[in-house]
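Residue numbers (our numbering): 272 to 759.
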Amino acid sequence: MIKKLSALLVAGHCFAISFAQPLQTKPVIITASLINADSTTPKAMALNFLNPFIKGRKSAAFNQDGWLSSSEEMLFTHNMTIQYNNVFINLYVQPGDSVHLQINGALINEPDFKWLSISGDHARISTQLNKWHRYFSTNVYKKFNLSVSLPAMLDSVKHSYAQCISILEEYTKQHHLDPVVKEWAVNDIRYTVSYWASDYLTTKDSTTGKPLYHHALFSDPLFDQYNPAGFQSMMFPYHLWNYAYTLLKTDSAIAQLAQQGFYQKAASKAIKLLIHEPASLSRDYMLFHALSTYINKSPLLLDSLPGLENYFTDPVTYRYLLRYANETANPDLKEQAISGITYLTKSKSLSSLPAIEIFDYLSKRHPGKILYVDIYATWCVPCLEEMAYLPALKKQVDSSKVVFINLCLQSEEAGWLGLIKKRNLSGENYFLNDDASKLFMGLYKIGGFPTYMLFDKKGKLRTSTAPRPSEKEDLLKTITKLLTTNND
């Protein structure tokens, strides 16, 4: 389960949804201009549109005229965030909005977003919301005691929620928050507190050591988790999935079937559990997220689940699942030249590469070979845990036919070099600077770390959800299949 996000992102205003009418999608357009820039000014943005039914993010770089633009379809009024200058810019957006950001490079090191001007739709609301979220996310956090009873934990959660609301009330008085921003913040606090408490959902009995599942904590009326208005907060999907993830753990057969590769049976059992939840967009999201995890392992899974669309309350959410399955089964690369990539040579010297289309470069560098690409960050704990399985894995792989590529993103160069030395990380090692990291993650739809990709002997991407090193048997089977298949 995910635990601690740095700089949690923000969202929009309360909205009404009629289940009698299908959801409608409209684009949100973001443009940005950069003035007074020099060689040290960041030149790229990572854009998180945060449509909960679209995985991944987008990215864009300022052109020579200091201009960029990006867009994405949206379903709800909710948060939209942009990662730039080592912070998150939080915007309030509704489907159909157009927002412009002006970045003043001369002020880039000034605090409190003095370098940023927001204009366009809901500019005043976004400006207030952005500053409130920055204040709240950098000053408020609650670490809960996980050893208490469920009633005691619920009391603690409600107390923490009340404390956060008091902080919001005081901030509202001092900064004259617009009622729209305050209403959004109340909702966002509710699901931020649930996120802080998420480790309690799966604990162990102190006497027997057996797992305990406390998903009932999140179904408390405090969280109102079947109300579609919850989607105004970016934290609401985390709340829903933490609840659903723990609920699915109550049937141990689901995980066992998945571990054995019986994904259709595991998915069927998961569906049977989830459809007992109230019919709602919340349930749609739980189904979407649960099934997408199985699709990652078995891209054609939906073909073996007839009638699945009947369990979704809105045809739009089901179509998002179909789209995800199609994209997973038919991965496609849209290459773009990226600068800011450093390569560690065999002699341990650093070589700066020119602007390159990274995967085209790698496939030409290693023609006729399978490429297993590990995309990681030095601070990512699961990434480091997976690296422990690499030595045993590499002993069972023919190095003349398979190349291990390590791409380090969103990290410090010194930390990257230290990690390679400490872990004796063999294979080819590349480092992407901050701008390159943003562009890479948006271009190749990297939703998080670690991500593993497999390319066949002709340099074609076969999967961007390849088995991890810890899933050695599955990974070896996949590699063997690629080695013995005449790739199209």
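C-beta atoms are modelled at their ideal positions from N, C-alpha and C, and glycine is treated no differently.
Check                                                                                                                                                                                       : Outcome
Excluding sequence positions up to five away, which residues of its chain have a Cβ less than 6 Å from the Cβ of S388?                                                                      : Q373
Could you tell me which of N319, F711, D491 sits nearest to I627, measuring between CA atoms?                                                                                               : F711
Can you give me the C-alpha to C-alpha distance between T564 and A315, rounded to a whole angstrom?                                                                                         : 30 Å
With a 10 Å radius around its C-beta and 16 neighbouring C-beta atoms as the bar for buried, classify Q503 as buried or exposed.                                                            : buried
Please go through the same chain and pick out, in chain order, the residues whose beta-carbon is closer than 8 Å to the beta-carbon of A529, but skip the five residues on each side of it. : A537, Y565, K568
Across the region 308 to 324 and the region 342 to 354, are there enough close Cβ pairs to call them in contact, namely three or more that are closer than 8 Å?                             : yes
Does DSSP classify A423 as helix, strand or coil?                                                                                                                                           : helix
Which parts of the region 492 to 547 are runs of the alpha helix (DSSP H), unbroken and 4 residues or longer, counting only runs that do not cross its ends?                                : 506 to 520, 523 to 530, 534 to 545
Kindly indicate which residue of L472, P382, S465, P422 has the alpha-carbon position closest to the one of Y516.                                                                           : L472
Go through its chain and collect everything with a Cβ distance to Q399's Cβ below 7 Å, but skip five positions before and after it.                                                         : L448, D449, V452
When you compare the CB positions of L562 and L592, do they come within less than 9 Å of one another, or not?                                                                               : yes
Taking R594 as the reference, which of I325, A500, T296 has the closest Cα?                                                                                                                 : I325
How many Å lie between M557 and V587 at the Cα?                                                                                                                                             : 15 Å
What number of angstroms, rounded off, separates the C-alpha of F384 from the C-alpha of P508?                                                                                              : 28 Å
Three or more beta-carbon pairs under 8 Å between the region 724 to 734 and the region 748 to 759, yes or no?                                                                               : yes
When the distance is taken between beta carbons, is L615 closer than 9 Å to L688?                                                                                                           : yes
Comparing C-alpha positions only, which one of G337, G327, V464 sits nearest to T302?                                                                                                       : G337
Is the beta carbon of N361 sitting closer than 9 Å to the one on N350?                                                                                                                      : yes
Tell me the start and end of each unbroken beta strand (DSSP E) in the region 433 to 501 that is at least 3 residues and wholly inside, in chain order.                                     : 473 to 475, 482 to 484
So what's Q295 in DSSP terms, helix, strand or just coil?                                                                                                                                   : coil
If I'm right that T478 touches M506 with Cβ under 8 Å, what's the distance once you round it to whole angstroms?                                                                            : T478 to M506, Cβ: 34 Å. No contact.
To the nearest angstrom, how far is it from the Cα of E683 to the Cα of G719?                                                                                                               : 17 Å
Would you mind sorting Y412 into buried or exposed? The rule is 16 or more other CB atoms within 10 Å of its CB.                                                                            : exposed
Which one of K543, P482, Y715, N334 has the shortest CA to CA distance from L576?                                                                                                           : K543
How is N401 classed by DSSP in three states: helix, strand or coil?                                                                                                                         : helix
Can you grab the Cα-Cα spacing for the pair K743 / E657, in whole Å?                                                                                                                        : 11 Å
Hey, L642 and V673: beta-carbon distance below 9 Å or not?                                                                                                                                  : yes
Taking only three categories from DSSP, how would you classify C651?                                                                                                                        : coil
Do S418 and T474 have their CB atoms nearer than 9 Å?                                                                                                                                       : yes
Can you tell me where the beta strand (DSSP E) holding I360 begins and where it ends?                                                                                                       : 358 to 364
Between the C-alpha atoms of N704 and Y355, what's the straight-line distance to the nearest angstrom?                                                                                      : 13 Å
Roughly how many whole angstroms lie between the Cα atoms of G480 and F533?                                                                                                                 : 28 Å
If you measure between the beta carbons of L519 and L483, is that distance less than 9 Å?                                                                                                   : no
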